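J.: Following this message is one structure expressed as structure tokens.
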Amino acid sequence: MHKAVYPGSFDPVTNGHLDIIRRASIQFDEVIVGVLHNSQKTPLFSVEERVNMIKSITSDIPNVSVQAFEGLSVNFVRSCGAQVIIRGLRAITDFEYELQMAQTNRVMAPDIDTMFLITSLEYAYLSSTTVKEVASFGEDLDKFVQPIVAKALRRKLLGNEL
Ligand code: PNS
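According to this note's numbering, the stretch in the sequence shown is residues 160 to 321, in order.
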């Protein structure tokens with residue numbers, strides 16, 4: 160069984176994340192999306208909300224599951240019985256941080272490898288942070304996130320259900 164974990168904050172999950180999840184699900188027998196519960200940070204969405212949104216938008220992909228985790232990604236990967244960490248790379252600006260993280264993870268867990276999927280061109284600009292900013296101005300979010308995520312953003316940031 161070739162299993163991979165896709166860890167992240169997913170605050171909230173974007174169409175770019177979904178594209179990486181779909182593509183990873185083709186390459187691996189099983190993909191576990193790991194949603195980081197970081198008590199040092201205050202995300203817009205609770206870890207339960209983030210997990211549930213990802214579960215909902217990946218319900219049609221049979222070999223994808225979603226779990227919250229705390230602590231180091233490599234420990235979560237081991238607890239899942241997986242061998243690979245998946246990360247998406249959008250641009251050169253992501254590279255330094257991702258390289259540092261992958262190298263650190265590799266020193267801590269030489270048995271686990273990080274594999275990068277290059278973000279599809281249409282999502283190369285997209286981030287959870289920019290989506291939240293656009294959402295806060297009430298703009299249309301259809302190109303950036305799935306409808307249930309757009310609805311959750313509007314509810315959270317604008318207090319409406321439109
Ligand atoms: O979506 P993000 O915020 O870019 O994801 C970052 C994440 C969650 C993958 C990273 O912060 C992480 O792995 N955090 C857990 C702690 C850890 O394992 N750090 C790596 C060693 S530097």
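Glycine residues also receive a C-beta, built at the ideal position from the N, C-alpha and C atoms. As the structure is a prediction and not an experimental result, all values here were calculated from the model.
For the ligand PNS, I want to know if Pro-202 counts as a neighbour, meaning its beta carbon is within less than 7 Å of at least one of the ligand's heavy atoms.
T.: No.
J.: Got a sec: does the ligand PNS put a non-hydrogen atom nearer than 7 Å to the Cβ of Arg-167?
T.: The displayed chain sequence assigns Gly, not Arg, to residue 167. Yes, since a heavy atom of the ligand PNS falls inside the 7 Å radius drawn around the Cβ of Gly-167.
J.: If I measure Cβ to Cβ from Ala-309 and keep anything under 7 Å in the same chain, skipping five residues before and after, which residues do I get?
T.: Leu-300 and Asp-301
J.: Within the present structure, is the beta-carbon of Leu-312 separated from the nearest heavy atom of the ligand PNS by less than 7 Å?
T.: no
J.: Is any heavy atom of the ligand PNS found at a distance shorter than 7 Å from the C-beta of Val-233?
T.: yes
J.: Taking the alpha carbon of Asn-190 as the reference point, which residue from Gln-226, Glu-208 and Ala-250 has its own alpha carbon closest?
T.: What sits at residue 190 in the sequence shown is Val, not Asn. Comparing Cα positions, the closest option is Gln-226.
J.: What's the call for Ile-185, buried or exposed, on a 16-neighbour Cβ count within 10 Å?
T.: exposed
J.: Under three-state DSSP, which class holds Asp-170?
T.: coil
J.: Just to confirm, are Arg-246 and Glu-255 a CB contact at a threshold of 8 Å?
T.: no
J.: Would Val-304 and Asn-174 be called neighbours here (beta carbons separated by less than 8 Å)?
T.: yes
J.: Should Asp-219 and Val-243 be called a contact, given that it needs their Cβ atoms to be closer than 8 Å?
T.: no
J.: Is it the case that the Cβ atoms of Val-164 and Cys-239 are separated by a distance below 8 Å?
T.: yes
J.: Measure the C-alpha to C-alpha separation of Glu-281 and Asp-178 and round it to an integer number of angstroms.
T.: 10 Å
J.: Would a C-beta distance cut-off of 8 Å place Leu-248 and Ala-183 closer than the cut-off?
T.: no
J.: List the endpoints of the continuous beta strand (DSSP E) containing Thr-217.
T.: In the DSSP assignment, Thr-217 falls outside any beta strand (DSSP E) and carries neither an H nor an E.
J.: Going by DSSP, what residues sit across from Val-192 in a beta bridge?
T.: DSSP output for Val-192 lists Tyr-165 and Val-225 as bridge partner(s).
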